[in-house]
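Here the sequence shown stands for residues 1 to 477, where the numbers follow UniProt numbering.
Heads up, the beta-carbon is just placed ideally off N, CA and C, and yes, glycines get one too.
Computed from a prediction, not measured in an experiment: that's the story for all the values here.
All remarks here apply to the structure that follows.
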Amino acid sequence: MVEDVQPVSPSSQYFITSELALFIIAAFEMEAPFDDSKGLELVEKLFLPINTRFSSILIRDVKGLQHWKKVKINLEDHIIVPCFPSDLSPESYEQRIQDYISNLSLTPFPENKPLWEIHNIKYPTTKCLGTLVFKLHHSLGDGFSLMGALFSSLGRADNPSLPLTFPAARSRTKTMHGVHANRKPTATAVVYGKISRFLSTSVNTARDFFSGLIKSSLTQDDTSPIRSGAIGIEFLPVQISTLTFPLDSIQLIKAKIGGTVNDVIASIIFYGTRLYIKKMSSDEESVDATKRHLTALVLLNTRAIKTYQTLDELNRSSCSNSKWGNQFGFLHISIPNLEDQDPPLDFVFKTKELIRTKRNSLAVYLIGGLLDMLRRIKGPEAVGRYIADTLRNTSFTISNLIGPLEKMGIGGNPVKSFYFSVVGTPQSLSCSAVSYMGNLKLCLSVEKGFVNSELLMSCMDDAFTKIFRQATSSTTT
1 MVEDVQPVSP
11 SSQYFITSEL
21 ALFIIAAFEM
31 EAPFDDSKGL
41 ELVEKLFLPI
51 NTRFSSILIR
61 DVKGLQHWKK
71 VKINLEDHII
81 VPCFPSDLSP
91 ESYEQRIQDY
101 ISNLSLTPFP
111 ENKPLWEIHN
121 IKYPTTKCLG
131 TLVFKLHHSL
141 GDGFSLMGAL
151 FSSLGRADNP
161 SLPLTFPAAR
171 SRTKTMHGVH
181 ANRKPTATAV
191 VYGKISRFLS
201 TSVNTARDFF
211 SGLIKSSLTQ
221 DDTSPIRSGA
231 IGIEFLPVQI
241 STLTFPLDSI
251 QLIKAKIGGT
261 VNDVIASIIF
271 YGTRLYIKKM
281 SSDEESVDAT
291 KRHLTALVLL
301 NTRAIKTYQT
311 LDELNRSSCS
321 NSKWGNQFGF
331 LHISIPNLED
341 QDPPLDFVFK
351 TKELIRTKRN
361 SLAVYLIGGL
371 LDMLRRIKGP
381 EAVGRYIADT
391 LRNTSFTISN
401 LIGPLEKMGI
411 GGNPVKSFYF
421 SVVGTPQSLS
431 CSAVSYMGNL
441 KLCLSVEKGF
451 VNSELLMSCM
461 DDAFTKIFRQ
471 ATSSTTT
């Protein structure tokens, strides 16, 4: 039937090319094992209604154009229950589950089935009694769409009839060249401020756009302990590990630097990678190692609406600012060098300033326009190649999401913690972060056998500890 076939959106086409195939893996650590019968009910009543893409397969017409074709699906084909040896210790199960989740990135989806799976792992670890893992093809939507839709469908663990709530957006005190926003500025100050902001934004936009274009097409980062530069790295095994930070501590650091939570998250990741590179380098290389050129590719949600929407709002075609799909952009941020004598907060302030100039830029929207123009001229394969080269030429990516303030439940089972990761990128390191119930979960996906995951996580923890200690020290000014 004609109504069962829909064209693939331009941005989703980028992720189903020969050059680029990305997956989103979201793991929910449950307080109790998830019952198989509840899994079928969860999919039928919660998952499938999210969007028709979850009950559709990809097809090509006679012109080679891609479409979503709605099909009848067998739910049991999409719910996988792995079997491990019995009577293992929680520590052993934890390692097996970590390896199992990491290996999900190596298995492509079959072409004759919708592009998603749910893995119900019913074994206890030191962290939880069961793990529910969602494996989703990125063409289904970005993290904002997928996780936002899931959040809007779930309720609180203590009262499922109540919706989940999320942290409010950061309010900023506006200033205009020394004039506080609460004071009425003069007409001259208003005009001067507008001209100054326009010029600053224009300069930053031009610089970020052209430097990003060069970085994506002509230059690449130095090889380092976090960037192997191996050919076909996207097909190699990965190792996924997580680390948790208290959000109260993140907020204290944020208040100290006068920045945002994202400034602090980026600073911890940047500082941690510099510490790791230094530890992995020999004494002769240690000086040069801290000054190797490293670039982080920060993925951004380009929707005008930054809060999660209901399913109706996400799927409403007339609401272009919040509609379902992939609406993202990316910016290159050079990681500051690490000097032995520099206090940790100095590194944080450098990072904050770099991010501030990126915020005062419209380059992310110009890049989006460039990708669309490239698609119209050369097709989605060319765009997929451009994005893959952009990823390949940088050291790592960072993406983050805001999670609920309250404990949520899935099918009546409380969720103790959760994390997500984007896998399939041609990089040795990918970082993601999500907040939940007063904590921030940092997830690192690394090239297995090249990056020492345990040491890298230790360096991230060390970076957080050093930054927090100085931020809360009575001698800090």
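Query, Result
"Just the Cα atoms here: how many angstroms apart are S171 and K378?", "Any reading at S171 must be qualified, since the residue scores a pLDDT of 44, below 50, and its modelled position is unreliable; no value is offered."
"With distances taken from CA atoms, which of W116, A433, L46 and T390 is nearest P426?", "T390"
"If you follow the beta strand (DSSP E) that L241 is part of, which residue opens it and which one closes it?", "Note that residue 241 is Ser in the sequence shown here, rather than Leu. Element bounds for S241: V238 to P246."
"Output needed for P344: all residues of its chain with C-beta closer than 6 Å, excluding positions within five of it in sequence on either side, in chain order.", "K466, I467 and Q470"
"What are the residues that DSSP puts in a beta bridge with N400?", "A433"
"So, using beta-carbon positions, are S224 and R274 closer together than 8 Å?", "no"
"Hey, quick one: how far does the beta strand (DSSP E) through K69 stretch, first residue to last?", "Q66 to K70"
"Could you give the distance in angstroms between the alpha-carbon of H137 and the alpha-carbon of I195?", "44 Å"
"Which word fits R376, buried or exposed, when buried means at least 16 other C-beta atoms lie within 10 angstroms of its C-beta?", "exposed"
"Return helix, strand or coil for Q327, following the three-state DSSP convention.", "coil"
"Identify the continuous alpha helix (DSSP H) that holds Y276 and give its terminal residues.", "V261 to M280"
"Name the DSSP bridge partner or partners of T295?", "S334"
"According to the neighbour-count rule (16 or more other Cβ atoms, all chains shown, within 10 Å of its Cβ), is I231 buried or exposed?", "exposed"
"Roughly how many angstroms lie between the CA atoms of I333 and R156, to the nearest whole one?", "37 Å"
"Give the DSSP-derived three-state secondary structure of Q6 in the structure shown.", "strand"
"Using beta-carbon positions only, say whether N120 and I73 come within less than 8 Å of one another.", "no"
"Would you report the Cα separation of D222 and N413, rounded to the nearest angstrom?", "46 Å"
"Between which two residues does the alpha helix (DSSP H) holding L136 run?", "Counting along the chain, L136 falls outside any alpha helix (DSSP H), though it belongs to the beta strand (DSSP E) covering G130 to H137."
"Let's see if you can read the secondary structure: which residues bound the beta strand (DSSP E) around G409?", "M408 to I410"
"Would you call A255 buried or exposed, if buried means 16 or more other Cβ atoms sit within 10 Å of its Cβ?", "exposed"
"Taking contact to mean at least 3 C-beta pairs separated by less than 8 Å, is the segment 21 to 33 in contact with the segment 415 to 423?", "yes"
"Should the segment 431 to 439 be called in touch with the segment 394 to 409, which here means at least 3 C-beta pairs below 8 Å?", "yes"
"For S200, count neighbouring C-beta atoms within 10 Å of its own C-beta (all shown protein chains included) and say buried if the count is 16 or more, exposed if not.", "exposed"
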